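So in the working numbering, spot 3 of the sequence shown is number 139, and the numbers just go up one at a time. All residues carry an ideal CB built from backbone N, CA and C; glycine is no exception. Just so you know, these numbers come straight off a predicted model, no measurement behind them. Only one structure is covered here, and it is reproduced in the block below.
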Amino acid sequence: MLRRLSDNELLALLNDLESAPPFDLYPVPSASIDDLSRVVFEAEYLPNAFAPDVLEENGRSYEERLASCRMITSPTELTPTVVGLLALGKSPKTTCQAPTSNSYASKVLSWPTQW
137 MLRRLSDNEL LALLNDLESA PPFDLYPVPS ASIDDLSRVV FEAEYLPNAF
187 APDVLEENGR SYEERLASCR MITSPTELTP TVVGLLALGK SPKTTCQAPT
237 SNSYASKVLS WPTQW
């Protein structure tokens with residue numbers, strides 16, 4: 137049975153949502169860096185996201201570039217993020233799984249449509 141949230145409950149929920157990262161930055165543990173297309177990243181994404189002189193001066197590794205664009209969680213933790221799979225995934229439909237019950241997206245998606 138649905139009930140209206142109290143002011144305190146609503147404030148607590150909003151505070152939780154503000155501190156959560158955007159859904160597209162969540163890691164996808166079932167995916168690996170091999171699920172991302174390096175060709176698409178280097179030939180299409182980077183040239184459209186950055187000026188040529190910036191790319192020339194940038195001495196970062198492939199992994200560091202992926203991480204700085206938030207396509208993976210970090211240069212040492214090579215887990216793709218949701219945005220990484222959606223932008224660069226070789227097969228995003230088979231790699232992305234539904235969010236877990238305690239994720240930001242599932243909280244938002246489970247909100248009642250009527251109060």
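Can you tell which of R139, S227, L214, C205 has the C-alpha that lies nearest to the C-alpha of F177?
-> Walking along the sequence shown from the start, residue 177 turns up at place 41. Checked all of R139, S227, L214, C205; the closest Cα to F177 is C205.
Shortest alpha-carbon distance to L182 belongs to which of D170, L202, L221, L147?
-> Looking up residue 182 in the sequence shown gives position 46. The option with the nearest alpha carbon to L182 is L202.
For P158, three-class secondary structure by DSSP = If you number the sequence shown from 1, residue 158 lands on position 22. In this structure, P158 counts as coil in the three-state DSSP scheme.
Just to confirm, are P216 and V164 a CB contact at a threshold of 8 Å?
-> The count along the sequence shown starts at 1 and reaches residue 216 at position 80. The count along the sequence shown starts at 1 and reaches residue 164 at position 28. Contact: yes.
Have a look at L149, S142, S168, A179 and flag the residue whose alpha-carbon is nearest the alpha-carbon of M207.
-> Translated into the one-based positions of the sequence shown, residue 207 becomes position 71. Answer by Cα proximity: S168.
How is P183 classed by DSSP in three states: helix, strand or coil?
-> By 1-based counting over the sequence shown, the position of residue 183 is 47. Helix at P183.
Residue from M137, G220, K226, A185 with nearest C-alpha to Y162 | Along the sequence shown, read from residue 1 onward, the residue named residue 162 stands at position 26. When each option's Cα is compared against that of Y162, the closest is G220.
What residues in its chain sit with their C-beta under 8 Å from that of A185, if we drop five residues either side in the sequence?
-> The residue given as residue 185 occupies position 49 in the sequence shown. Here the set comprises C205.
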